Each structure stands twice: as structure tokens, then as C-alpha cells.
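Have a look at the structure below, then the notes.
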Amino acid sequence: MAKKTVATLQSSSKRLTKAIKMVKSPKTGAYTFVESVMAPELVNEWLNKK
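Numbering-wise, the sequence shown is residues 1 to 50 according to full-length UniProt numbering.
So, in C-alpha cells, the structure goes:
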């Protein structure tokens, strides 16, 4: 089960969101965190892709 955290950042004129996704490594089985800063409209798409 993936856990998600979303934080909203504002810089000058652009509204950005930092999304953090927990991903299980197929090799070791350990969980790692993948972070990305993007537009708020793209967050759900990014979190749903594998």
C-alpha cells in the first residue's frame, strides 16, 4: 500500500506542489521515498502511475 504526502509551495507567480510517494523496491523489498515538485493538476496522475 502506497502512502502519499502532498505539500503546497508558492514561489513568486507559480503554484507548485511537492509530492512524496513511498515505493517498494522489487529487488530488496525495502521501501524508498520518491519526491517530485510539480503543478497541482499533475499530482494525482503522478501518484497513480507505477
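Where is the CB? At the ideal position from N, CA and C, for every residue including glycine.
The structure presented is a predicted model; accordingly, all values stated were derived computationally and were not measured.
Where residue i falls, given that 16 or more other Cβ within 10 Å makes a residue buried
i   : result
A30 : exposed
A39 : exposed
For residue i, the residue or residues it bridges with in DSSP
i   : result
T32 : V23
K49 : In DSSP, K49 forms no bridge with anything.
V37 : K18
Residue from the options with nearest C-alpha to residue i
i   : options          : result
M22 : L16, L42 and V34 : V34
L16 : V43, T28 and K27 : V43
Residues of its chain near residue i, where Cβ-Cβ distance is below 6 angstroms and the 5 sequence neighbours each way are ignored
i   : result
W37 : Residue identity check: residue 37 is Val in the sequence provided, not Trp. Result list for V37: L16 and K18, in chain order.
Proximal residues to residue i (C-beta, below 7 angstroms), its chain only, five neighbours per side dropped
i   : result
T32 : V23 and S25
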